[in-house]
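To convert, note that position 19 of the sequence shown is 100 in my numbering; the numbers rise steadily by one, no gaps. Heads up, the beta-carbon is just placed ideally off N, CA and C, and yes, glycines get one too. Input: a single structure, listed below in structure tokens.
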Amino acid sequence: MPCTIKGLTQPVCLTLIYNLSSGLLVNSSIGCGDCKLETSLDPINKNLTIKVPITIGGEVTFTDNLQSGCVTTLVKLTEQSKKRKK
Numbered sequence: 082m083p084c085t086i087k088g089l090t091q092p093v094c095l096t097l098i099y100n101l102s103s104g105l106l107v108n109s110s111i112g113c114g115d116c117k118l119e120t121s122l123d124p125i126n127k128n129l130t131i132k133v134p135i136t137i138g139g140e141v142t143f144t145d146n147l148q149s150g151c152v153t154t155l156v157k158l159t160e161q162s163k164k165r166k167k
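Here's what the structure looks like:
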């Protein structure tokens, strides 16, 4: 009988690098762990870097012959704490 583990979640950081001159996506990557929503612009090469905190979730199933499979069940923006400027 298969064994399924549900409710797995992990914070990840999605990084997108977009070149404003060419209008092309230069690179994208996912890193484990938290980050904060932020942007930066390299004025020399015109690359805009966007970091987005995301929470992903899923479930893993192990079968009788020790094969495994996973299903993504959640992709959402991670809630950011709102700090007020004084």
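Per the DSSP secondary-structure output, C84 pairs in a beta bridge with F143. Going by beta carbons, I135 and V107 fall outside the 8 Å limit.
Residue burial is scored here from C-beta neighbours: V93 has at least 16 other C-beta atoms within 10 angstroms and is therefore classed as buried. Straight-line spacing of the CA atoms in T159 and N146 works out to 36 Å.
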